[in-house]
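The structure appears below as structure tokens.
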Amino acid sequence: MTYNEVAGGRAPIRMWTDPAEVEPDVMRQLRNVSDLPWVHGVAVMPDVHHGKGATVGSVIAMRDAVSPAAVGVDIGCGMTAVKTSYRAESLPDNLRYLRSKLEQAVPVGFGHHKRPVDPTRLHGFKTADWADFWQGFDRLAPAVRGKRERAEVQMGTLGGGNHFLEVCADDEGTVWVVLHSGSRNIGKELAEHHIGEAQRLPHNQDLPDRDLAVFVGGTPQMDAYRRDLFWAQDYARRNRAVMMALVCDVLRRHLPGITFEQPISCHHNYVAQERYDGVDVLVTRKGAIRAGSGELGIIPGSMATGTYIVRGLGNAAAFNSASHGAGRRMSRNKARRTFTLEDFKTQTAGVECRKDTGVIDEIPAAYKDIESVMAAQSDLVEVVAHLRQLVCIKG
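Residue numbering for the sequence shown is 449 to 843, as defined by our numbering.
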């Protein structure tokens, strides 16, 4: 589809979904954002839904300014996928055993490693700049200075909520590994710290939503935020790389002869400096991936409805972006009230995963239809591969 443009405030709102089907509180959030004096434009993805300050599934281009809430509290959250040489028909019959071995290697939920993962012990892992990366921790906001040890043992862990680790097969029967995670608690604490700092600044006192508080260029507060933001984005990228290396080591032990292609990786809660319409802007993608021309990305559905590997078409009207997934259609609390454990088991039939009440809020029916989401952004990405879940691990 082509986008719908709706009236905003100071900047246009381009929507890759039907505005009539978007909830009023989501439209209110979008209009609030578009009315900020620094905003150059807003692009809305087909998986859009309500978020803190800014909607999830929105791409916001600002001139020399950035709103921390428009990034999201899980800074750098994103996806990594690796295609293997293995065939689905060669997988062991007992996928539960394989799931247990993966869960032993990658802590989930509130879990963490007993000691920091040594990247020099990971197969083929690049470790040249790790010391410099960790030295950067000491320059972060004082609010997190005493939490380096926790950040170290959480490196290479999945987390909870909608984060997942999956073994999948594409339509040709080739096995893939896919994971979704972010910057763990350290990114969340940095985000919340800077949102609070922004809310206290004088220029943010008359905003329609205090959660949209921004930092502006040329100020020490912006410099401090960008320093911490880019460190947390790097943490998230490394976190996924460590997890993928741990997973591949498990698969090498249990699937003889398996090899792996180069990983595909993309953030979907982050900031990038880009240029559109001859203007340098800071682009925040909150629940959206970059989809520049030829760039590979990952768009998951829910835990039993498949995942798409895509190639960007470079649509500048969308600020070279696409959706980050199916997007929730109901809150976690509503999902728990609406569905039963039997519903969950039925909807995840054929997938080796947890089947208990602790994950009912991740039931596929709590998410939008991934096929409709993909159809709505045919001018943003093209499909490279369609994957179906065989094993799904959640916290």
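Virtual Cβ for every residue (Gly too), placed ideally from N, Cα, C.
Given the structure is predicted, the values throughout are model-derived calculations rather than measurements.
**Report entry** DSSP three-state assignment for Asn633, whether helix, strand or coil
**Finding:** In the sequence shown, counting from the first residue as 1, residue 633 sits at position 185. Three-state result, Asn633: helix.
Requested in this report: Could you tell me whether the Cβ of Ser533 comes closer than 7 Å to any Cβ of chain B?
Outcome: Although the question refers to chain B, the structure presented lacks it and comprises just one protein chain.
Query raised in the report: Considering only residues of the same chain and omitting the five flanking positions on each side of Glu645, which have a CB-CB separation below 7 Å?
Result: Stepping through the sequence shown from its first residue, residue 645 is reached at position 197. Once the five neighbours on either side are set aside, the close Cβ partners of Glu645 are Gln669.
Requested in this report: Kindly give me the distance between the Cβ atoms of Leu828 and Ala739, rounded to whole angstroms, as I take these residues to be in contact under 8 Å.
Outcome: Counting from one through the sequence shown, the residue named residue 828 turns up at place 380. Counting from one through the sequence shown, the residue named residue 739 turns up at place 291. The C-beta distance from Leu828 to Ala739 rounds to 5 Å, short enough to fall under 8 Å.
Query raised in the report: I think Leu838 touches Val615, with their Cβ atoms under 8 Å apart; what is that distance to the nearest whole Å?
Result: Translated into positions along the sequence shown, residue 838 becomes position 390. Translated into positions along the sequence shown, residue 615 becomes position 167. Beta-carbon to beta-carbon, Leu838 and Val615 are separated by about 5 Å, close enough to satisfy the 8 Å threshold.
Requested in this report: Would you kindly check if the distance between the Cβ of Ser629 and the Cβ of Gly607 is under 7 Å?
Outcome: Numbered from 1 along the sequence shown, position 159 holds the residue referred to as residue 607. Numbered from 1 along the sequence shown, position 181 holds the residue referred to as residue 629. Yes, Cβ-Cβ distance for Gly607 and Ser629 is below 7 Å.
**Report entry** Three-state secondary structure assigned by DSSP to Arg759
**Finding:** Translated into positions along the sequence shown, residue 759 becomes position 311. Strand at Arg759.
Query raised in the report: Enumerated in chain order, which unbroken segments of the beta strand (DSSP E) with a length of 3 residues or greater are wholly contained in the stretch 754 to 838?
Result: Under the rule that a run must span 3 or more residues, the beta strand (DSSP E) segments found entirely inside the stretch 754 to 838 read 755 to 760 and 769 to 771.
Report task. Identify which residue in Ala813, Ser506, Phe767 and Pro704 has its Cα closest to the Cα of Val519. Result -> For the purposes of this step, residue 519 is taken as the residue at position 71 of the sequence shown. Checking every option, the nearest Cα to that of Val519 belongs to Ser506.
Query - Pairwise C-alpha distance: Lys636 and Asp522 - result: Against the sequence shown, residue 522 aligns to sequence position 74. Against the sequence shown, residue 636 aligns to sequence position 188. So the alpha carbons of these two residues sit roughly 5 Å apart.
Query - His642, DSSP secondary structure in three states - result: By one-based count along the sequence shown, residue 642 stands at place 194. Helix, per DSSP.
Requested in this report: Quick one: give me the first and last residue of the alpha helix (DSSP H) that Leu588 is part of.
Outcome: The residue labelled residue 588 in the question sits at position 140 within the sequence shown. Looking at the DSSP string, Leu588 is not in any alpha helix (DSSP H), and its letter there is neither H nor E.
Report task. Counting only runs of 3+ residues fully inside the stretch 713 to 742, write out the beta strand (DSSP E) ranges in chain order. Result -> DSSP runs (the beta strand (DSSP E)) wholly in the stretch 713 to 742: 717 to 724, 727 to 734 and 736 to 738.
Requested in this report: To the nearest angstrom, report how far apart Asp659 and His642 are at their CA atoms.
Outcome: By one-based count along the sequence shown, residue 659 stands at place 211. By one-based count along the sequence shown, residue 642 stands at place 194. Going from the Cα of Asp659 to the Cα of His642 covers about 11 Å.
Query - Boundaries of the beta strand (DSSP E) in which Phe612 is found, first to last residue - result: In the sequence shown, counting from the first residue as 1, residue 612 sits at position 164. Element bounds for Phe612: Phe612 to Asp618.
Query raised in the report: Between which two residues does the beta strand (DSSP E) carrying Pro494 extend?
Result: Position 46 of the sequence shown, counted from the start, is the residue given in the question as residue 494. Looking at the DSSP string, the run of the beta strand (DSSP E) that includes Pro494 is Val487 to His497.
Query raised in the report: What do you reckon, are the CB atoms on Gly749 and Ile818 nearer than 7 Å?
Result: As a working note, residue 749 is residue 301 in the sequence shown. As a working note, residue 818 is residue 370 in the sequence shown. For Gly749 and Ile818, yes; Cβs fall inside 7 Å.
Query raised in the report: CB-CB under 6 Å to Asp809, same chain, minus the five flanking residues each way: which ones, in chain order?
Result: In the sequence shown, counting from the first residue as 1, residue 809 sits at position 361. Excluding sequence neighbours, Asp809 sits near Arg780, Ala783 and Arg784.
Requested in this report: Could you pull the start and end residues of the beta strand (DSSP E) that Asn542 belongs to?
Outcome: For the purposes of this step, residue 542 is taken as residue 94 along the sequence shown, with counting starting at 1. It is not in any beta strand (DSSP E) - Asn542 carries neither H nor E in the DSSP assignment.
Report task. Could you pull out every residue in the same chain whose Cβ sits closer than 6 Å to the Cβ of Thr605, ignoring the five residues on either side in sequence? Result -> The sequence position of residue 605 within the sequence shown is 157, counting from 1. These residues qualify, in order along the chain: Pro555 and His560.
Query raised in the report: Are the CB atoms of Pro472 and Asn452 nearer to each other than 7 Å?
Result: As a first step, residue 472 is located in the sequence shown; it is residue number 24 there, counting from the start. As a first step, residue 452 is located in the sequence shown; it is residue number 4 there, counting from the start. For Pro472 and Asn452, no; Cβs fall outside 7 Å.
Query raised in the report: So does the stretch 530 to 550 actually touch the stretch 577 to 593, counting three or more Cβ pairs closer than 8 Å?
Result: Flag = no, the stretch 530 to 550 and the stretch 577 to 593 do not touch.
**Report entry** Span of the alpha helix (DSSP H) around Ser506
**Finding:** Position 58 of the sequence shown, counted from the first residue, corresponds to residue 506. DSSP places Ser506 in no alpha helix (DSSP H) but in the uninterrupted beta strand (DSSP E) bounded by Val504 to Met510.
**Report entry** Cβ shell of Met463 (< 7 Å), same chain only, five flanking positions each side left out
**Finding:** Here residue 463 corresponds to residue number 15 of the sequence shown, with the count starting at 1. Take Met463, set aside five residues on each side of it, and the residues of its chain with a beta-carbon closer than 7 Å to its own are Tyr451, Asn452, Val454 and Val492, in chain order.
Query raised in the report: Below 7 Å between beta carbons: does that hold for Ser713 and Ala736?
Result: Counted from its first residue, the sequence shown places residue 713 at position 265. Counted from its first residue, the sequence shown places residue 736 at position 288. No, these two residues do not count as a Cβ contact at 7 Å.
Query raised in the report: Would you call the CB atoms of Arg759 and Val832 closer than 7 Å?
Result: The residue you call residue 759 lines up with position 311 of the sequence shown. The residue you call residue 832 lines up with position 384 of the sequence shown. Yes.
Query - Delimiting residues of the alpha helix (DSSP H) encompassing Arg686 - result: Residue mapping note: residue 686 aligns to position 238 of the sequence shown, counting from 1. Pro668 to His702 is the extent of the alpha helix (DSSP H) around Arg686.
Query raised in the report: In chain order, what residues of the same chain have a beta carbon less than 8 Å from the beta carbon of Val695, not counting five sequence neighbours either side?
Result: Here the question's residue 695 lines up with position 247 in the sequence shown. Once the five neighbours on either side are set aside, the close Cβ partners of Val695 are Leu550, Ala553, Val554, Leu613, Val625 and Leu627.
Report task. Could you name the residues of the same chain whose beta carbon sits closer than 6 Å to that of Ala680, not counting the 5 residues immediately before and after it, in chain order? Result -> Taking the first residue of the sequence shown as 1, we reach residue 680 at position 232. Contacts found: Ile523, Gly524, Ser631, Gly635 and Leu638.
Requested in this report: Would you grab the beta carbon distance between Pro711 and Ala529 for me? Rounded to a whole angstrom, and I think it's under 8 Å.
Outcome: On the sequence shown, residue 711 is found 263 positions in, with the first residue counted as 1. On the sequence shown, residue 529 is found 81 positions in, with the first residue counted as 1. About 7 Å; that satisfies the 8 Å criterion.
**Report entry** Limits of the unbroken alpha helix (DSSP H) element including Pro472
**Finding:** Here residue 472 refers to the residue found at position 24 when the sequence shown is read from its first residue. Counting along the chain, the alpha helix (DSSP H) containing Pro472 begins and ends at Pro472 to Ser482.
Report task. Note down the Cα distance separating Ala536 from Asp619, rounded to an integer number of angstroms. Result -> The residue you call residue 536 lines up with position 88 of the sequence shown. The residue you call residue 619 lines up with position 171 of the sequence shown. Taking the CA atoms as reference points, Ala536 sits about 10 Å from Asp619.
Query - Coarse secondary structure for Phe558, derived from DSSP in three states - result: Sequence index remark: in the sequence shown, residue 558 carries index 110 (1-based). The answer is coil: DSSP assigns Phe558 none of H, G, I, E or B.
Query - Supposed contact pair Pro567 and Phe573 - C-beta distance, whole angstroms, cut 8 Å - result: As a working mapping, residue 573 is identified with position 125 in the sequence shown. As a working mapping, residue 567 is identified with position 119 in the sequence shown. Distance from Phe573 to Pro567 at the Cβ level is roughly 5 Å; contact confirmed, criterion being Cβ atoms closer than 8 Å.
Requested in this report: Would you kindly work out how many angstroms separate the C-alpha atoms of Thr707 and Ser533, rounded to a whole number?
Outcome: As a working mapping, residue 707 is identified with position 259 in the sequence shown. As a working mapping, residue 533 is identified with position 85 in the sequence shown. Going from the Cα of Thr707 to the Cα of Ser533 covers about 5 Å.
Query raised in the report: Would Asp577 be called buried (16 or more neighbouring beta carbons within 10 Å of its own) or exposed?
Result: Within the sequence shown, the letter at position 129 stands for residue 577. So Asp577 ends up on the exposed side.
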